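Numbering (the numbering used here), first residue to last: 1290 to 1398.
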């Protein structure tokens, strides 16, 4: 939990409470980031969670839950063009640097 103490106020001058929860299970790692606005004025908030995971054999690894999600491919000739991931299970076969837009309501596994 992090809140608007003096140490963070210069970087983010809004009253807030931030909670980051990590749950490690036998088959899944789940993270949840919740931002509470505890002030009177509304604010917008965006985060980027960098998931650098040591998976052993990358060729035997897939990611599910991104089908239909929009993303930016930072390795392409047009890194600012939004694309849609059509894969049911994404495999990583080459250098990959993607920024996915929020996927709500379904787990990414």
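For each residue, glycine too, the CB sits at the ideal point set by N, CA and C.
Values in this document were obtained by computation on a predicted structure and should not be read as measured data.
Starting from residue i, trace the beta strand (DSSP E) in both directions and tell me its first and last residue.
| i | result |
| --- | --- |
| residue 1376 | Where residue 1376 is concerned, there is no enclosing beta strand (DSSP E), given that its DSSP letter is neither H nor E. |
| residue 1339 | Residue 1339 -> no beta strand (DSSP E), and no H or E assigned at all. |
| residue 1333 | Counting along the chain, residue 1333 falls outside any beta strand (DSSP E), and DSSP gives it neither H nor E. |
| residue 1388 | 1387–1389 |
| residue 1352 | 1351–1353 |
Near residue i, what residues of its chain come up, given a Cβ to Cβ distance below 6 Å and the 5 sequence neighbours on each side ignored?
| i | result |
| --- | --- |
| residue 1390 | 1359 |
| residue 1290 | 1308 |
Sorted by chain position, which residues of the same chain lie with C-beta nearer than 8 Å to residue i's C-beta, five sequence neighbours on each side aside?
| i | result |
| --- | --- |
| residue 1350 | 1344, 1380 and 1381 |
According to DSSP, is residue i part of a helix, a strand, or is it coil?
| i | result |
| --- | --- |
| residue 1297 | helix |
| residue 1365 | coil |
| residue 1315 | coil |
| residue 1371 | strand |
From residue i to residue j, what distance separates their C-alpha atoms?
| i | j | result |
| --- | --- | --- |
| residue 1383 | residue 1336 | 26 Å |
Touching or not, the segment 1296–1308 and the segment 1324–1334, by the rule of three or more beta carbon pairs under 8 Å?
-> Between the segment 1296–1308 and the segment 1324–1334 there are three or more C-beta pairs closer than 8 Å, enough to call the two in contact.
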